[in-house]
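Here's the structure we're looking at; comments come further down.
In this note's numbering, the protein residues as written are 75 to 514.
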């Protein structure tokens, strides 16, 4: 062992002890501790549960490297606590239950294996604020963070630099923050100020219901969400269809206002109805600079989908790259959307870009679209999903500067406007037939 290897553990221990000595409300947990101890550096607790029982609101619990089985672990935390592990690779909490959280927690440098997951459930009239999760691993459990049917509000929720991996079960929710219980007027309160950045999600598989890597929002009340620079690989779920719908399987699913979905990579999402790599129902929002590889939705969605019906407005889909052999549409959008500078190459795909304006303005500009389907870019100015075609003031439709290549169609049909005689279509490059193979 080198001198540095001798020194490193000692330095870490000193840092843990210094923090404990300087902060009256810092507790230490170590494998060689005892829950009868006072939780100090010299006499640490043995279990995380022992520390939580003694901790007050605002306290910090530092956990030395080791594996801690959570048999009998609390199923609720009603205080704002900070739990910090020595190193996520070597500080492992395992076999815990779902833990209901009513106040913000800070979790750092920990691995949660086989549970616990965290259910966020603020009481009526209260706000769960300031949830911060950094440098953690969540594995071999159906859930990381889940919020649904709660009575209060959730704001300032951040997950950064974490791994969600090898999660399999009847349903999977790595991160799922939905709306609250509805009040007497039928209103729901969705989470706000959410940041999910620089995380990885790999090998998520549901066997019965939906599978979500990231699901955030209530369409009317959620605002200010950033989902950026995450990597998602191998996400799957059932492919059955009942009454025209199937289990929702998504890399990213976000509802609300001022949503930013940027610079993510989503790969290898299995094909099925309602399986979308990126899906938002939003206004004043952006899907930009994402890479989608080998994903494919059946009828009912696309690799990148932006819906919202009458709620959809001032949205932008730009700079995304969609490739791979799976079928399905590339981009599906409602009106109130600018679709520009995207690259779509789906040699077995359906429509490359598919838009229902719903009487709202649409701009489709400077995209490259290559697909098997007889139509690469399609716009239908008629009705869809119950939203009527509204004469005499339909929104402006502009289709310009695109390259549209259809393997199975004609040059004329590679871009098709239906029920939209007012559409302005100009300056596009149209091609039909499959490109010749490259020469060796």
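Just so it is clear, CB atoms sit at the ideal spot from N, CA and C, and this is done for glycine as well.
Residue 218: not part of any alpha helix (DSSP H); member of the beta strand (DSSP E) spanning 217 to 221, first to last residue.
Residue 256 sits in coil when the DSSP states are folded into three classes, being neither helix nor strand. Residue pairing from DSSP places residue 353 in a beta bridge opposite 327 and 379. When rounded, the separation of the alpha-carbon atoms in residue 209 and residue 394 is 28 angstroms.
With fewer than 16 other Cβ atoms from the protein chains shown falling within 10 Å of its own Cβ, residue 256 counts as exposed. DSSP, read as helix, strand or coil, puts residue 187 in strand.
Rounded to the nearest whole angstrom, the CA to CA distance from residue 151 to residue 144 is 14 angstroms. Residue 140 is bridged by DSSP to 165. With 16 or more neighbouring CB atoms inside 10 Å of its own CB, residue 389 falls in the buried class. In this structure, the alpha-carbon of residue 222 lies about 10 angstroms from that of residue 263. The beta carbon of residue 339 is closer than 6 angstroms to those of 305 and 365 in its chain, skipping five residues each way along the sequence. Restricting attention to 450, 430, 101 and 358, the CA atom closest to the CA of residue 294 is found in 358.
Within the DSSP secondary-structure output, residue 369 pairs in a beta bridge with 343.
Under DSSP, the beta-bridge partners assigned to residue 442 are 417 and 477. Boundaries of the beta strand (DSSP E) around residue 297: 297 to 302.
Counting along the chain, the unbroken alpha helix (DSSP H) around residue 127 starts and ends at 122 to 128. Apart from sequence neighbours up to five positions away, the residues of its chain that approach residue 251 with a beta-carbon distance below 6 angstroms are 221, 265 and 290, ordered along the chain.
Taken atom to atom, the span from the alpha-carbon of residue 169 to that of residue 476 is near 53 angstroms.
The beta-carbon distance between residue 302 and residue 336, rounded to whole angstroms, is 5 angstroms. This is short enough to meet the 8 angstroms contact definition.
If you draw a straight line from the Cα of residue 164 to the Cα of residue 142, it comes to about 11 angstroms. Taking C-beta separations shorter than 6 angstroms and ignoring five residues to either side along the sequence, the partners of residue 300 in its chain run 269 and 334, following chain order.
One Cα belongs to residue 197, the other to residue 427, and the distance between them is close to 43 angstroms. For the 8 angstroms CB-CB criterion, residue 417 and residue 445 do not form a contact. The continuous stretches of beta strand (DSSP E) do not include residue 359, and DSSP gives it neither H nor E.
Residues of the same chain with a CB within less than 8 angstroms of the CB of residue 400, apart from the 5 flanking positions on each side, are 345, 368, 369, 370, 420, 422 and 423 in chain order. Taking C-beta atoms under 8 angstroms as the contact rule, residue 382 and residue 408 qualify, at a distance of about 6 angstroms. Taking the CA atoms as reference points, residue 391 sits about 30 angstroms from residue 227.
Cβ contact annotation for residue 156 (same chain, cutoff 6 angstroms, sequence separation greater than five): 134 and 180, in chain order. By the beta-carbon neighbour count (other beta carbons within 10 angstroms, threshold 16), residue 316 is exposed.
When DSSP states are grouped into helix, strand and coil, residue 488 belongs to the helix group. Under the three-state reduction of DSSP output, residue 470 falls in the coil class, being neither helix nor strand. Annotation for residue 307: the continuous beta strand (DSSP E) segment containing it runs 305 to 310.
In the same chain as residue 148, and ignoring 5 residues on each side of it, the C-beta atoms closer than 7 angstroms to its own belong to 123, 126 and 173, in chain order. If you draw a straight line from the Cα of residue 311 to the Cα of residue 216, it is about 13 angstroms long. Take residue 313, set aside five residues on each side of it, and the residues of its chain with a beta-carbon closer than 6 angstroms to its own are 346, in chain order.
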